[in-house]
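Sequential numbering from 119 applies to the sequence shown in our numbering.
We treat Cβ as the ideally placed atom computed from N, Cα and C, and that holds for glycine.
If you're wondering where the values come from, they're calculated on a predicted model, not measured in any experiment.
Remarks on the structure that follows.
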Amino acid sequence: MRHPSSMVRVGCCKVLDQFMDEAALPELIDNLTHADEEVRAWALHALACDRCKEGMCRPVADDVIPRAAKMLLEDQSRRVRQMAAGLVGEGVLRSAAALPALEQARKTDPHPVVRKIAGWYLPGGPRYKTLATKELKRR
119 MRHPSSMVRV
129 GCCKVLDQFM
139 DEAALPELID
149 NLTHADEEVR
159 AWALHALACD
169 RCKEGMCRPV
179 ADDVIPRAAK
189 MLLEDQSRRV
199 RQMAAGLVGE
209 GVLRSAAALP
219 ALEQARKTDP
229 HPVVRKIAGW
239 YLPGGPRYKT
249 LATKELKRR
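Put into C-alpha cells, the structure is as follows:
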C-alpha cells in the first residue's frame, strides 16, 4: 500500500477488496488521497464493496464516510466521484455526513452519472428504499 508504483497500489487495493484485513485499513484509507485517480477509485471500492468481500471485516462508517463525502464533492475525477457516491450512499442511514453530500452531488455535480448515483441513495430513490428495508429488518 506504500509502494511508489500506482499499479502496485491498485493491485493491493484489489486484493484487499476480496480479502479485507483490518490491519491494512489505515493504509487503505491513506490511499484515498493518492495523486493517481485509479488508486483513489480502487481504495474507495475496496472500502465500499460488500459483494466482493470474504470474511466480515468492514471499515467503520465514522472513519470513512466523511472522507468519501469530501471526495464526492471535491475530487476532480468523475470516476472517483462515482465510487465515492456509492460508498457514501451505502452509509446514508448510518452517517450524518452522507445525506447532505449526496443531496449536493445530486444537484451540482457536473457529470450526469454521478448525479444519478447520488439520487439512488436519497430518500425516495431505489437504493435508499432497499437500505431502509434492510435497516428495519435488523431492528
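Supposed close pair residue 190, residue 199 - CB separation, criterion 8 Å: Right, their Cβ atoms sit about 6 Å apart.
Report all residues from its chain with a CB closer than 7 Å to the CB of residue 155; omit the five preceding and five following residues, and keep chain order. Once the five neighbours on either side are set aside, the close Cβ partners of residue 155 are 195, 197, 198.
What whole-angstrom Cβ distance do residue 181 and residue 147 have, given they're in contact under 8 Å? Rounded, the Cβ-Cβ distance is 7 Å, consistent with contact.
Straight-line Cα distance separating residue 245 from residue 150: Cα to Cα, residue 150 sits roughly 24 Å from residue 245.
Using the Cα positions of residue 153 and residue 122, report the straight-line distance between them to the nearest angstrom. One C-alpha to the other measures close to 11 Å.
Where does residue 199 fall in DSSP's three states? Under the three-state reduction of DSSP, residue 199 is assigned to helix.
With 16 as the cutoff for other CB atoms within 10 Å, does residue 243 come out buried or exposed? Burial is judged here by how many other beta carbons sit within 10 angstroms of a residue's own beta carbon; residue 243 has at least 16 and is buried.
At which residues does the alpha helix (DSSP H) containing residue 123 begin and terminate? Element bounds for residue 123: n/a, residue is neither H nor E.
The alpha helix (DSSP H) enclosing residue 237, as first and last residue numbers: Counting along the chain, the alpha helix (DSSP H) containing residue 237 begins and ends at 230 to 238.
My guess is that residue 162 and residue 201 are in contact by the Cβ rule of under 8 Å, so how many angstroms apart are they, rounded? With a contact defined as Cβ atoms closer than 8 Å, residue 162 and residue 201 qualify at about 4 Å.
Excluding the 5 residues preceding and the 5 following residue 160 in the sequence, name in chain order all residues of the same chain whose CB lies nearer than 6 Å to its CB. Hits under 6 Å: 128, 131.
Looking at residue 210 and residue 203, is the spacing between their C-beta atoms short of 8 Å? Taking 8 Å as the Cβ cut-off, residue 203 and residue 210 do not qualify as a contacting pair.
Residue from 214, 207, 166, 223 with nearest C-alpha to residue 192: Taking the Cα of residue 192 as reference, the smallest distance to any Cα among 214, 207, 166, 223 is reached at 223.
Give me, in chain order, the residues of the same chain whose beta-carbon lies closer than 7 Å to that of residue 275; leave out the 5 immediate sequence neighbours on both sides. There is simply no residue 275 to check, as the chain begins at 119 and stops at 257 in what is shown.
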